[in-house]
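Undergrad: The working numbering puts the first residue of the sequence shown at 165, with every later residue one more than the last.
Beta carbons are placed, not taken as given, at the ideal position from N, Cα and C, and that holds for glycine.
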Amino acid sequence: MPQARAMRPSSSSGFYVSRTVAALLVGLAAALLLALALFAALYGHCPRVQPSELCSRSVPGAAPSQPSQQEEPPPTSQPGPARKPTVASTPHNWRPPGPWDQLRLPSWFVPLHYELELWPRLRPDELSSPSLRFTGRVNITVRCVVSTKRLLLHSLFLDCERAEVRGPLSLSTGYATVGRVHVDEVWFALDTQYMVLELGEALQPGSRYELQLSFSGPAYQDTREGLFLNVYTDQGERRALFASQMEPTFARKVFPCFDEPALKATFNITIIHHPSYVALSNMPRLRQSEEEDVNGSKWTVTTFYTTPPMPTYLVAFVICDYDYVNRTERGKEIRIWARKDAIANGNADFALNITGLIFSFMEDLFNISYPLPKTDIVALPIFDNRAMENWGLLMFDESLLLLHPNDQLTEKKAVISYIVSHEIGHQWFGNLVTMNWWNNIWLNEGFASYFEFGVINYFNPKLPKNEVFFSNILHGILREDHALVSRAVSMKVENFTETSEINELFDLFTYNKGASMARMLSSFLNENLFIGALKSYLETFSYSNAEQDDLWRHFQMAIDDQSKILLPATVKSIMDSWTHKSGFPVITLNVSTGVMKQEPFYLGKVKNQTLLTHNDTWIVPILWIKNGTTQSVVWLDKSSKVFPEMQVSDSDHDWVILNLNMTGYYRVNYDELGWKKLNQQLEKDPKAIPVIHRLQLIDDAFSLSKNNYIEVETALDLTKYLAEEDEIVVWHAVLANLITSDLVSDVNNYDIYPLLKKYLLKRLNSIWNIYSTIIRENTAALQDDYLALTSLEKLFGTACWLGLEDCLQMSREFFRKWMNHPENEIPYPIKNVILCYGIALGNDKEWDFLLSIYTNKTKEEERIQLAYAMSCSKDPWILKRYMEYAITTSPLNFNETNIIEVVAASEVGRYIAKDFLVNNWQAVSERYGTQSLATLMYIIGRTIDTDLQIMELQQFFSNMLEEHQRITVHAKLQTIKNENLKNKKRSARIAEWLRKNT
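Laid out in structure tokens, this is it:
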């Protein structure tokens, strides 16, 4: 922003509320009461006060190392009474252009220190008051960089009650205030979330000032942003707690601040709270005192030690009535806080046992100690299935932290381990070293995601790390990423124009693709060099900020210091070709000629979509194996290149696989001979090909065939060997690609179903016998088999869907045993399958039993599971009764999900739901909203493939939908039709292949 504009004095052209206008507004208050109330509710206010009144009470509990605050007389340069600042909230079209129109703060000030006091008015006897608010004071010490008469900082939905600028601070008196700068006016730019202070004189570059603000704001109950309230049940009583979530841009909802990650500062935090609660923050408690409010009620004042320099998004506090378990690791206390019931039941013990070990692992890995004196980890009843890495005060949704005794046979233990490792990883990647701005958030999230697997693999060396990384990270992002997606890992700053766009960065591309970038980088270096470069990076930028280029520079330094590893270009050139581009390449190898080429991966590639310009190419590390032996890395740094060493002979034992361990972020295609050789090897001796590459071949081939890179028959040929496949993760990939949800729920697939049944059941026997025996005889053996726990449901569900009698019999047996003895839980990994087929194979007796279980459950997750299972019935009258229950004022409620949609999504229920809507659509609309009718239209019409079917469906729903919905649904139905036509052709080819190979 040009300085001339930044330093321009306040306009008098009517864009601001002058004293005269303000007086007129007061005179018209009675007539404009409603408008003013709405205006205040929307935009906040800052009442006119004498500057001498502003922040007249200093923030209590300042840490002793900070300069003392004292009142100073008005500066002698401006004698006389202090002027009253005016205040306004100014929508975009009411104000002149200026720095407040930009997403980024101008670089006028550097915040150095915050003295922050918050006083949430939470009492045990007032748990959910809709007007629950907090008050606060903040004194911010800043260094002025540019001479300016304006001061901008972030504030959103806060009422500013007092504002004052003190200074310049004097070095000779320990930065005590030596003057006051008058605040003429305070106003808010709401669209860009700024508070603007118009000052009576220019602040001087190089000088320090203290901004003193008093404010109040709302505590949020329906969203976990800023300061929010959780209401929960503990020890049979209704209770509440306050917690904070500042990342990425919610600190400004709690206190006025310079809310950008590069603007690190130290914090002295004081929390005033009811004596029955404990207050936690980033640092340990320094001291406590007592204070009375105007009503004589006593409150506890808890002050915490000064934090290290950190960004505002890591500021954290919790006010709760919790218990904790604790232990000391390397002299530093770790406490896990949770509901008292959970602590008493030992549900926090697992998290406590692994936390210290993970901290020690990370410290030893980088030889950098965790710098804070303690770690508190809090299990929140409601945190939207998230976790947050606040420095010294980590927060988790309790479902991601607490392990119940009956969770041993779920993947829960592994999930907790991964997420705790991820958040602890952030203590180095994100907290110690922070990205300069949000466009490089992957430097935080990508590396934390990568190291969560490194940690777990260290403690569980038997865990198949490559297969787990594929299942948890790589598979999901390869399914979403493609050449035309408008999302790179590292985005340009100028691409961002709104704060909401920052929130959208917390997605698969940041986490999964970021982790995949780190893993690929590690793969073509070596582990020691990789860790050494990161150690250098972390040491250099500790307590500071870094750009992506800073990271590449430290890797380049490590490369330059050795001679063993040679790269075709600089680390920056290699990695920028991945992080600054959307999508990923398909690498195609012709094993007859050794020619390798790259092209972008498109969803549904069409002819002539493969042309590459120089800027479209990736610098691709090719790690590969030939006949089971690992080869030296080669590089594809142009659109095509010849590698004679990759040619194969006519020998049956000659084969090549690219992308060793799937560490490269790309898919691999081969010419006809290359696929044929691999298929031959699988049929002859599948174990000669490592598990990760059997998984890779299946996943790559089906993805490439679905998107027109190879024929579907090529992918299907790779499944012929499956009778010899005993790895459940490979079977999961096969079934996920062949037995899709559309196929299962479409009764019109009568042509392909018997063919699939015959083909797959013949090959399923081996894997089925392994796991059905374990389930029947020794289920406990599964508790540390993460891949089995996450894959069994698909295996058992497919076996039952294909009519495998042993699977159906097992479903009957487990369901009936559970009915007769509900304390005997169904094994969790296959519980959804057993519940569904127990209902499908039963009658109203089984259904009514499940309904009675549902009504007695309180956990939402369990109720949803049972609600879906009840839709598996094959009896039309039961499904009709189920939907009637859902739309009546029955105490059963069924609030967790839309029951009509659940029934409509089932194989039989689609027709039942459609008939049900004829007489009940208005009740359905009232119960679930008008949008639910459009959603039901899509679900019921999920198999349409002609314009006549679209017309019939629209006619059926014509009276139910609103006018604006009709236009939208027509376009959506056309999309469904086109997709179904494409799938129909594919299914026909699959069916033809199955006829020839069954």
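(1) Based on Cα-Cα distance, which residue from N549, Y477, D561, N667 lies nearest to H590?
(2) Determine the DSSP secondary structure at C484, reduced to helix, strand or coil.
(3) In three-state terms, what does DSSP make of Y622?
(4) Just to confirm the assignment, what range does the beta strand (DSSP E) spanning N692 have?
(5) Less than 8 Å between C-beta atoms, sequence neighbours within five positions excluded: which residues of the same chain meet that for D835?
(6) So what's S241 in DSSP terms, helix, strand or just coil?
(7) According to DSSP, is C421 part of a helix, a strand, or is it coil?
(8) Report the residue from I1042, Q726, Y1102, A508 whose alpha carbon sits nearest the alpha carbon of E1065.
(9) Return the Cβ separation of E1126 and T1094 in integer angstroms, given the expectation that the two are a contact with Cβ distance under 8 Å.
(10) Any chance you could list the beta strand (DSSP E) runs of at least 3 consecutive residues sitting entirely within the stretch 586-650, in chain order?
(11) Tell me I850's beta-bridge partners as DSSP assigns them.
(12) Mind checking Q1119: buried by the 16 CB within 10 Å criterion, or exposed?
(13) Do you know how far the Cα of Y486 is from the Cα of D398?
(14) Which residue wins for smallest C-alpha separation from P1040, given the options I1017, R330, F1080?
(15) Please classify M1115 as buried or exposed, where buried requires at least 16 neighbouring CB atoms within 10 angstroms.
(16) Return the chain-ordered list of same chain residues with a C-beta closer than 7 Å to the C-beta of D457, the five sequence neighbours on each side being excluded.
(17) Can V329 and L315 be called in contact, C-beta distance under 8 Å?
(18) What runs of the alpha helix (DSSP H), each 4 residues or longer, lie entirely inside the stretch 504-550?
(19) What residues in its chain sit with their C-beta under 7 Å from that of S378, if we drop five residues either side in the sequence?
(20) Does the CB of N1123 have a neighbour CB from chain C at under 8 Å?
(21) Could you tell me how far apart the beta carbons of A515 and I620 are, in whole angstroms, since I believe they sit closer than 8 Å?
(22) If you count every other CB in all the chains shown that lies within 10 Å of the CB of L730, and 16 or more means buried, which is it?
(23) For my contact list, P986 and L573 are in at a C-beta cut-off of 8 Å; report their separation, rounded to the angstrom.
(24) Please identify the residue among D505, G618, A508 whose C-alpha is closest to the C-alpha of I522.
(25) Can you grab the Cα-Cα spacing for the pair I500 / T1162, in whole Å?
(26) By the DSSP assignment, the alpha helix (DSSP H) with P918 in it spans what residues?
(27) CA-CA distance, L363 and S334?
(28) Here's the rule: buried if 16 or more other CB atoms are within 10 angstroms of the residue's CB, otherwise exposed. What is L558?
(29) Under three-state DSSP, which class holds W782?
(30) Tell me the rounded alpha-carbon separation between R1074 and Q1138.
(31) Would P537 be called buried (16 or more neighbouring beta carbons within 10 Å of its own) or exposed?
(32) Quick one: using the 10 Å Cβ neighbour count with 16 as the cut-off for buried, is L607 buried or exposed?
(33) Is DSSP giving P369 helix, strand or coil here?
(34) Rounded to whole angstroms, what's the CA-CA distance from T943 to L529? Just pull it up for me.
(35) Expressed to the nearest angstrom, what Euclidean distance is found between the alpha-carbon atoms of W602 and D1111?
(36) Taking the alpha carbon of L1097 as the point to measure from, which residue in Q1113, M1124, D1109, V542 has its own alpha carbon closest?
TA: On the basis of the data shown:
(1) The candidate whose alpha carbon is nearest that of H590 is Y477.
(2) Taken through DSSP and simplified to helix, strand or coil, C484 comes out as strand.
(3) In the structure shown, Y622 sits in a helix (DSSP, three-state: H, G or I).
(4) DSSP places N692 in no beta strand (DSSP E) but in the uninterrupted alpha helix (DSSP H) bounded by 691-704.
(5) In its chain, beyond the 5 residues on either side, T752, L753, N754, V755, S756 have a beta carbon closer than 8 Å to the beta carbon of D835.
(6) Interpretation of S241 is limited by its pLDDT of 33, a score under 50 that renders its predicted location unreliable; no figure is taken from the coordinates.
(7) Three-state DSSP puts C421 in a strand.
(8) Ranking I1042, Q726, Y1102, A508 by CA distance to the CA of E1065 puts Y1102 first.
(9) About 6 Å separates the two Cβ atoms, so the contact holds.
(10) List check, beta strand (DSSP E) in window: 597-599.
(11) First, the amino acid is wrong: residue 850 is Pro here, not Ile. The beta-bridge partner set that DSSP reports for P850 is empty.
(12) Here Q1119 is exposed: its Cβ has fewer than 16 other Cβ atoms, across all protein chains shown, within 10 Å.
(13) Each residue's Cα considered, the two are about 9 Å apart.
(14) In terms of Cα proximity to P1040, the closest of I1017, R330, F1080 is F1080.
(15) Classified as exposed, M1115 has fewer than 16 neighbouring CB atoms from the shown chains inside 10 Å of its CB.
(16) Residues W463 of the same chain have their beta carbon placed closer than 7 Å to that of D457, with the five preceding and five following residues left out of the count.
(17) Yes. Within cutoff.
(18) Within the stretch 504-550, the complete alpha helix (DSSP H) runs of at least 4 residues are 504-508, 513-530.
(19) Sequence-distant partners of S378 (beyond 5 residues in either direction) whose C-beta falls short of 7 Å from its own C-beta, in its chain, are C219, R301, E325, R326.
(20) Going by chain labels, chain C is absent from the structure shown, which holds only one protein chain.
(21) Not really, about 14 Å apart at Cβ, beyond 8 Å.
(22) L730 sits exposed, since fewer than 16 C-beta atoms from the chains shown fall within 10 Å of its C-beta.
(23) Rounded to the nearest angstrom, the Cβ distance from P986 to L573 is 17 Å, too far for a contact under 8 Å.
(24) Nearest to I522 by C-alpha distance, out of D505, G618, A508, is G618.
(25) Within the model, the alpha-carbon separation for I500 versus T1162 is close to 57 Å.
(26) Residue range 917-941 is occupied by the alpha helix (DSSP H) that includes P918.
(27) So the two alpha carbons sit approximately 20 Å from each other.
(28) Looking at its Cβ environment, which holds 16 or more other Cβ atoms inside 10 Å, L558 is buried.
(29) Correct three-state label for W782: coil.
(30) Those two C-alpha atoms are separated by around 19 Å.
(31) P537 comes out exposed.
(32) With 16 or more other Cβ atoms within 10 Å, it is buried.
(33) DSSP places P369 in coil when its eight states are reduced to three.
(34) One alpha carbon belongs to T943, the other to L529, and they sit about 36 Å apart.
(35) Straight-line spacing of the CA atoms in W602 and D1111 works out to 46 Å.
(36) Ranking the options by Cα distance to L1097, first place goes to M1124.
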